[in-house]
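Visitor: Taken in order, these protein sequences are the chains called A and B.
Take the first sequence: its position 297, counted from the start at 1, is 297 in the numbering used here, and no numbers get skipped.
Take the second sequence: its position 89, counted from the start at 1, is 89 in the numbering used here, and no numbers get skipped.
For each residue, glycine too, the CB sits at the ideal point set by N, CA and C.
Protein chains: 2
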Amino acid sequence: MMNEVVRLSHGSGGRQTHELIKKVFASKFGIDGPLTDSAILEINNQTVAYTTDSYVVNPVFFPGGNIGKLAVCGTVNDLAVSGAEPIFISVSFIIEEGFPLNDLETIAHSMAEEAVNANVRIVTGDTKVVERGKCDRIFINTSGIGTLPAGLTHISTGKNINAGDKIIINGPLGNHALAILGARSELSFSTSVLSDCASLNHLIGKIIRNCKGIHFMRDLTRGGLAAVLNELAEMIQYGIIIDEQNIPVEEEVRGLCETLGFDPLYLANEGKFIVVVDRDEENKIIEILKSDPLGAGASSIGEIGVENHKVILNTLVGGRRIIDMPSGLMLPRIC
Amino acid sequence: MMNEVVRLSHGSGGRQTHELIKKVFASKFGIDGPLTDSAILEINNQTVAYTTDSYVVNPVFFPGGNIGKLAVCGTVNDLAVSGAEPIFISVSFIIEEGFPLNDLETIAHSMAEEAVNANVRIVTGDTKVVERGKCDRIFINTSGIGTLPAGLTHISTGKNINAGDKIIINGPLGNHALAILGARSELSFSTSVLSDCASLNHLIGKIIRNCKGIHFMRDLTRGGLAAVLNELAEMIQYGIIIDEQNIPVEEEVRGLCETLGFDPLYLANEGKFIVVVDRDEENKIIEILKSDPLGAGASSIGEIGVENHKVILNTLVGGRRIIDMPSGLMLPRIC
């Protein structure tokens, strides 16, 4: 790696991010097994999930949320999709000198509110301040701990996945990415699209309590649905087939994607996840999801099937195309 | 707080940091009790300590360590001084576009090495990349989890402290701060002083296993000994008296402090802690500390005594002065 440097694409959540993590971090840190969002650990015979994320979203305030709400939701969701019940959150701020205290209070208030909403406790924190120009307004790290019933440790690894399992999503794609783009002052379009930023743990708790056939879950953040499905296809013995006609995308998001040249499959979300389930439980899961505002747009989008480790999209016009792992520079600082 | 902004002093670890945390964060997040470095929590009847810190040290590489080693040692020490045995660490990177991959590998290598040294596992992580000029090279957050014997939960609160308890330090003050200052290219002095950056958990484990009378511990980072003693005096019913002649400071550090106008009591350390013990165990603790390279410079520096919540220094020349909580701008980005 002589003379190579870190590029924005290393932070995009796609192929380059994975390569960096595998080459530089996972090997040195001895992290074996799949690189899931949460580590699954044992503390005195209690299985826990443990996760961390730093948030550098630009802008700090955006339609549907702010960096503080995002930092709580994101860590709650990383724990929830591993099957865990999130209980404790840590919060660490890196703040640029000159950042308005009112804005900091607004952000802290959003975090407190979202923590109450998600029923997690913010229990420890840290504050650093750097000189003007040495960070971009404010960055927030949250880490989180959740407890995991011993019977659910397969959810983050996907090891129980079988051919024929159904893939279900809880709602339309792309809203977070387009809300952020619309809020960036350098871009000349405005939109009424709101970020979907939300804590999914209560919704996920409902399906966990009511369905025995949950084989995998993952939230659809950086890199979008395309990244998650490609990671999944790499983890398991099978390929994946999804149907474009069943993938929910709001009308305005679809229009903006066409105008701007984005594919909703690759856009970041902050309140969406996929769940892979035994096909016998497909209808039950859809019903439970649809009974909750955060799952009202739920849809069964495809299934586990072919044995080629590829993600195949059946297109609206009746063709098929391979959905690759996102590669290169996507939208920087979307979360 | 209308029109007020965040200032560098809010990140200094002194009075302004405490005010910011108390006013903005602790109240909103519902964190009650003393603002210790680690939260003490229960997970299924197992007491755990949980902590987080973001590291923004400038420069990233300095004599005696780098930001990666510091990020592991700092979180290990926060857990260890609460009485916990550190077991798991999370690592989250915010990297500036263009940062050399070689440097990132060096940092990751130091983290891995220090984790082995401290016997903690790095189990989960995150990587974000921001555009050139939007952060200063690299910032690292680490959070950590440690297990805590039920009988040791008093150590971080200091609630068992009594008048007459002895205050012991494991070595000389100020090396980390002066190593960082010396490494900053804008400063025109050079020094052979090395940062004292080290994981203290094994040393602390020795005294915990051998002494029953440990009433409080804290590491001496931002704000130095002065900040910790003032926090302690605020937490307990007593004041504190320390003797300047017993406070260890290396010759070169003392000389630089005199030249530069610093007081070693206020300088940051990254491998120093105080322990407050029953006076009957003073000698035993000193003996154990001195038998370990990280405690070779141990010294008994004072005691818990007067009832005025103040920190009093008996000076070398026979006078007395009050050691205040550090206030205003100290050395930014020392950790």
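1) Excluding the 5 residues preceding and the 5 following LYS290 of chain B in the sequence, name in chain order all residues of the same chain whose CB lies nearer than 7 angstroms to its CB.
2) Is the separation between the beta-carbon of GLU114 of chain B and that of SER199 of chain B shorter than 8 angstroms?
3) Do you know offhand how far ILE167 of chain A's Cα is from THR127 of chain A's?
4) Could you tell me which chain B residues have their CB closer than 7 angstroms to the CB of ARG333 of chain A, listed as they occur along the chain?
5) On the DSSP bridge list, what partners appear for CYS135 of chain B?
6) Report the CB separation of LEU173 of chain B from ASN269 of chain B in whole angstroms; it is logged as a contact under 8 angstroms.
7) Using a Cβ cut-off of 8 angstroms, pull out every chain A residue sitting near GLU244 of chain B, in sequence order please.
8) Does the stretch 86-96 of chain B come within contact of the stretch 137-145 of chain B, defined as at least 3 CB pairs closer than 8 angstroms?
9) Please classify ASN44 of chain B: does DSSP put it in a helix, a strand, or coil?
10) Just the chain A side, please: which residues come within less than 8 angstroms of TYR50 of chain B by C-beta, in chain order?
11) Can you find the residues in the same chain that come closer than 6 angstroms, C-beta to C-beta, to ARG15 of chain A, ignoring five residues on each side of it along the sequence?
12) DSSP state of ASP126 of chain A, grouped into three classes?
13) With a threshold of 7 angstroms on Cβ separation, who are the neighbours of LEU316 of chain B within its own chain once the five nearest residues in sequence on each side are excluded?
14) Taking the beta strand (DSSP E) that ILE87 of chain B falls in, what are its first and last residues?
15) Report the residue ranges of all beta strand (DSSP E) runs contained in full by the stretch 190-234 of chain A; include only those spanning at least 3 residues, in chain order.
16) Terminal residues of the continuous alpha helix (DSSP H) containing ARG15 of chain B?
17) Looking at LYS272 of chain A and GLY171 of chain A, is the spacing between their C-beta atoms short of 8 angstroms?
18) Any beta carbon from chain B within less than 8 angstroms of SER54 of chain A's own beta carbon?
19) Assuming VAL253 of chain A is part of the alpha helix (DSSP H), what are its boundary residues?
20) Evaluate the contact criterion for the stretch 217-237 of chain B versus the stretch 95-104 of chain B: three or more CB pairs, one atom per stretch, below 8 angstroms.
21) Beta carbon of GLU105 of chain B, beta carbon of VAL24 of chain A: below 8 angstroms?
22) Tell me whether the beta-carbon of GLY158 of chain B lies closer than 8 angstroms to the beta-carbon of HIS215 of chain B.
23) So, is the C-beta of GLY11 of chain B closer than 8 angstroms to a C-beta in chain A?
24) What is the DSSP secondary structure of ILE288 of chain A, reduced to helix, strand or coil?
25) Using a Cβ cut-off of 7 angstroms, pull out every chain B residue sitting near HIS176 of chain A, in sequence order please.
26) Using only the alpha-carbon positions, how far apart do ASN117 of chain A and PRO63 of chain A sit?
27) Do SER38 of chain B and LEU79 of chain B have their beta-carbon atoms positioned less than 8 angstroms apart in this structure?
28) Ordered along the chain, which non-local residues of its own chain (more than five positions away) have a Cβ less than 6 angstroms from that of LYS339 of chain A?
29) How would you label ARG184 of chain A, buried or exposed, when you count the other beta carbons within 10 angstroms and need 16 or more for buried?
30) Residues in the stretch 221-251 of chain B with C-beta within 7 angstroms of chain A's C-beta atoms, listed in sequence order?
31) 8 angstroms is my cut-off, CB to CB: does GLY328 of chain A come that close to chain B?
32) Does DSSP put TYR266 of chain A in a helix, in a strand, or in coil?
33) Below 7 angstroms on C-beta distance, what does LYS28 of chain A contact in chain B?
34) For PRO149 of chain A, count neighbouring Cβ atoms within 10 angstroms of its own Cβ and tell me buried if that reaches 16, exposed if not.
35) Put LYS166 of chain B into one of helix, strand or coil per three-state DSSP.
36) Which residues in the same chain as THR281 of chain A place their Cβ atom closer than 6 angstroms to its Cβ, once the five residues preceding and following it in sequence are excluded?
Guide: The answer reads as follows:
1) Taking the first residue of the second sequence as 1, we reach residue 290 of chain B at position 290. If we look at LYS290 of chain B and ignore the five residues flanking it on each side, its Cβ neighbours are ALA296 and ALA298.
2) Within the second sequence, the letter at position 114 stands for residue 114 of chain B. Within the second sequence, the letter at position 199 stands for residue 199 of chain B. Contact: yes.
3) Reading the first sequence from its first residue, position 167 is the one you call residue 167 of chain A. Reading the first sequence from its first residue, position 127 is the one you call residue 127 of chain A. Rounded to whole angstroms, the separation of the alpha carbons of THR127 of chain A and ILE167 of chain A is 41 angstroms.
4) Here residue 333 of chain A corresponds to residue number 333 of the first sequence, with the count starting at 1. Result: VAL130.
5) By 1-based counting over the second sequence, the position of residue 135 of chain B is 135. Answer by DSSP bridge pairing, in chain order: A:CYS135.
6) Taking the second sequence and counting its residues from 1, one reaches residue 173 of chain B at position 173. Taking the second sequence and counting its residues from 1, one reaches residue 269 of chain B at position 269. With 8 angstroms as the limit, LEU173 of chain B and ASN269 of chain B qualify as a contact, their Cβ atoms being about 6 angstroms apart.
7) Here the question's residue 244 of chain B lines up with position 244 in the second sequence. Those within 8 angstroms of GLU244 of chain B in chain A number zero; the least Cβ separation is about 31 angstroms.
8) Contact holds: three or more Cβ-Cβ distances are below 8 angstroms.
9) As a working note, residue 44 of chain B is residue 44 in the second sequence. Correct three-state label for ASN44 of chain B: coil.
10) Position 50 of the second sequence holds residue 50 of chain B. What TYR50 of chain B touches in chain A: PHE88, SER90, VAL123, THR124 and ILE145.
11) Against the first sequence, residue 15 of chain A aligns to sequence position 15. Cβ neighbours of ARG15 of chain A beyond the five flanking positions: MET325 and SER327.
12) Counted from its first residue, the first sequence places residue 126 of chain A at position 126. DSSP places ASP126 of chain A in strand when its eight states are reduced to three.
13) Indexing the second sequence from 1 puts residue 316 of chain B at position 316. Contacts found: GLU244 and GLN245.
14) Taking the second sequence and counting its residues from 1, one reaches residue 87 of chain B at position 87. Note, ILE87 of chain B: beta strand (DSSP E), 85-96.
15) 214-219
16) The residue labelled residue 15 of chain B in the question sits at position 15 within the second sequence. Where ARG15 of chain B is concerned, the enclosing alpha helix (DSSP H) stretches over 15-20.
17) Indexing the first sequence from 1 puts residue 171 of chain A at position 171. Indexing the first sequence from 1 puts residue 272 of chain A at position 272. GLY171 of chain A places its beta carbon less than 8 angstroms from that of LYS272 of chain A.
18) For the purposes of this step, residue 54 of chain A is identified with residue 54 of the first sequence, where counting begins at 1. Chain B, which has a Cβ nearer than 8 angstroms to the Cβ of SER54 of chain A, makes this yes.
19) Position 253 of the first sequence, counting from 1, holds the residue named residue 253 of chain A. Here the alpha helix (DSSP H) through VAL253 of chain A covers 251-260.
20) Too few Cβ pairs lie closer than 8 angstroms, so no.
21) Indexing the second sequence from 1 puts residue 105 of chain B at position 105. Indexing the first sequence from 1 puts residue 24 of chain A at position 24. Yes, Cβ-Cβ distance for GLU105 of chain B and VAL24 of chain A is below 8 angstroms.
22) Translated into the one-based positions of the second sequence, residue 158 of chain B becomes position 158. Translated into the one-based positions of the second sequence, residue 215 of chain B becomes position 215. Yes, Cβ-Cβ distance for GLY158 of chain B and HIS215 of chain B is below 8 angstroms.
23) As a working note, residue 11 of chain B is residue 11 in the second sequence. GLY11 of chain B counts as touching chain A.
24) The sequence position of residue 288 of chain A within the first sequence is 288, counting from 1. In this structure, ILE288 of chain A counts as helix in the three-state DSSP scheme.
25) In the first sequence, residue 176 of chain A corresponds to position 176, counting from 1. Within chain B, no residue comes near HIS176 of chain A; the closest Cβ sits about 16 angstroms away, beyond 7 angstroms.
26) One-based indexing of the first sequence puts residue 117 of chain A at position 117. One-based indexing of the first sequence puts residue 63 of chain A at position 63. If you take the alpha carbons of ASN117 of chain A and PRO63 of chain A, they lie about 19 angstroms apart.
27) Here the question's residue 79 of chain B lines up with position 79 in the second sequence. Here the question's residue 38 of chain B lines up with position 38 in the second sequence. For LEU79 of chain B and SER38 of chain B, yes; Cβs fall inside 8 angstroms.
28) In the structure as shown, chain A begins at 1 and stops at 335. Residue 339 of chain A is therefore absent and cannot be evaluated.
29) One-based indexing of the first sequence puts residue 184 of chain A at position 184. Exposed, since its Cβ has fewer than 16 Cβ neighbours within 10 Å.
30) none
31) Here residue 328 of chain A is taken as the residue at index 328 of the first sequence, counted from 1. No, GLY328 of chain A does not count as interfacial toward chain B.
32) Counted from its first residue, the first sequence places residue 266 of chain A at position 266. Helix, per DSSP.
33) Here the question's residue 28 of chain A lines up with position 28 in the first sequence. Within 7 angstroms Cβ-Cβ: ALA108, HIS109 and ALA112.
34) For the purposes of this step, residue 149 of chain A is identified with residue 149 of the first sequence, where counting begins at 1. When all chains shown are included, PRO149 of chain A counts as exposed.
35) The count along the second sequence starts at 1 and reaches residue 166 of chain B at position 166. LYS166 of chain B: strand per DSSP, three-state reduction.
36) In the first sequence, residue 281 of chain A corresponds to position 281, counting from 1. The identity of residue 281 of chain A in the sequence shown is Glu, whereas the question assumes Thr. These residues qualify, in order along the chain: CYS211 and GLY213.
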